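Residue numbers (our numbering): 15 to 309.
Cβ coordinates follow ideal geometry from the N, Cα and C atoms, glycine included.
Remember, predicted model here, so these are calculated numbers, not experimental data.
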């Protein structure tokens, strides 16, 4: 889809959405976000993929071809957290850091090794296949906004998700589930944002407790198993205290997380929202807020 012609002359700033990509239905929700951006007067494009340079170059070329040409492009990553190897690679690809971080390089090496050991792990294979050491070729000035992080809209969206499964908030424990980053060091930083979102949601919803967890899907097998045990232990303890368990995907797209959680929480009773952060109208409003912060 080309940048909307009606938005070409409206504003000097254009927007590039950076989206991991998901099902056809989820990708269509991203297009609906674009429609909101267009109505707000911004020319915009989307690049799907794990920092896919070819996709980003194609999208930026469309924006560069607009007349008048945008004075700058604000790149907005539809990611849960800026504290991740993928976000760091976006920084590199967009020229915001001199080279891929050591964290990212190590993640690549571990992914290749683990892929050889566990060839059925398609999630890791997807990461490896998406690696690209090039940078985008555009001459347009680029800015990169933070990811969703602990923006207040995130807790509000999660609250809306919780309402679909909540009955007595003061007797309910909510667990927020994210994929998480690769390394332990990055996980500590990631959790600073995730814990803040949990605090915001607890205050909004009046829940007995809200706790954030990462599945660590991109980490080594032993780390994934350790995190699964931590989640299961927390849920079991909450249930022994008489708490009802609500599970909310703290993700932009679910991408089959239900199966993984079923394996982790097998035999335990819980209610789970089936919706990720997108679709929700506040996502488009968050994008607009990031753009305004960079104008």
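6 Å CB neighbourhood of residue i in its chain, flanking five on each side removed
i, result
"residue 291", "171, 266"
"residue 304", "90, 159"
"residue 286", "261"
"residue 208", "226"
"residue 210", "164"
"residue 175", "262, 287, 289"
"residue 151", "71"
"residue 40", "267"
"residue 65", "103, 104, 107"
"residue 43", "292, 293"
Exposure label - residue i; buried when at least 16 CB within 10 Å
i, result
"residue 184", "exposed"
"residue 268", "buried"
"residue 201", "buried"
"residue 143", "Because residue 143 carries a pLDDT of 46, less than 50, the predicted location of this residue cannot be relied on, and the following value inherits that uncertainty. Result: exposed."
"residue 195", "buried"
"residue 231", "buried"
"residue 228", "buried"
"residue 263", "buried"
"residue 278", "buried"
"residue 112", "exposed"
"residue 281", "exposed"
"residue 68", "exposed"
"residue 31", "buried"
"residue 3", "No information on residue 3 is available, as it lies outside the stretch 15 to 309 that the chain covers here."
"residue 114", "buried"
"residue 221", "buried"
"residue 276", "exposed"
"residue 258", "buried"
"residue 283", "exposed"
"residue 198", "exposed"
"residue 37", "exposed"
"residue 178", "exposed"
"residue 147", "exposed"
"residue 35", "buried"
"residue 250", "exposed"
"residue 45", "exposed"
"residue 186", "buried"
"residue 272", "exposed"
"residue 181", "exposed"
Cβ-based neighbour list, residue i, same chain, cut-off 8 Å, excluding 5 preceding and 5 following
i, result
"residue 157", "86, 87, 88, 89, 308"
"residue 295", "50"
Contact set for residue i: own chain, Cβ-Cβ below 7 Å, skip 5 residues either direction
i, result
"residue 173", "215, 218, 219"
"residue 212", "190, 224, 225, 226"
"residue 237", "230"
"residue 297", "47, 291"
Residue interval of the beta strand (DSSP E) (run including residue i)
i, result
"residue 86", "86-91"
"residue 192", "186-192"
"residue 150", "Residue 150 -> no beta strand (DSSP E), and no H or E assigned at all."
"residue 224", "223-228"
Residue span of the alpha helix (DSSP H) that contains residue i, given as start and end
i, result
"residue 58", "That residue, residue 58, is in no alpha helix (DSSP H); its beta strand (DSSP E) goes 58-62."
"residue 176", "166-177"
"residue 107", "99-107"
"residue 217", "198-219"
"residue 95", "Taken as a continuous stretch (DSSP letters only), residue 95 belongs to no alpha helix (DSSP H), as it is neither H nor E."
"residue 296", "295-307"
Counting pairs of Cβ atoms below 8 Å between the stretch 241-256 and the stretch 158-178, do you hit three or more? no
What are the uninterrupted segments assigned as beta strand (DSSP E) that are 3 or more residues long and contained completely in the stretch 230-282, given in chain order? 258-263
Enumerate, from N- to C-terminal direction, the unbroken beta strand (DSSP E) stretches of 3 or more residues contained entirely within the stretch 27-81. 27-33, 58-62
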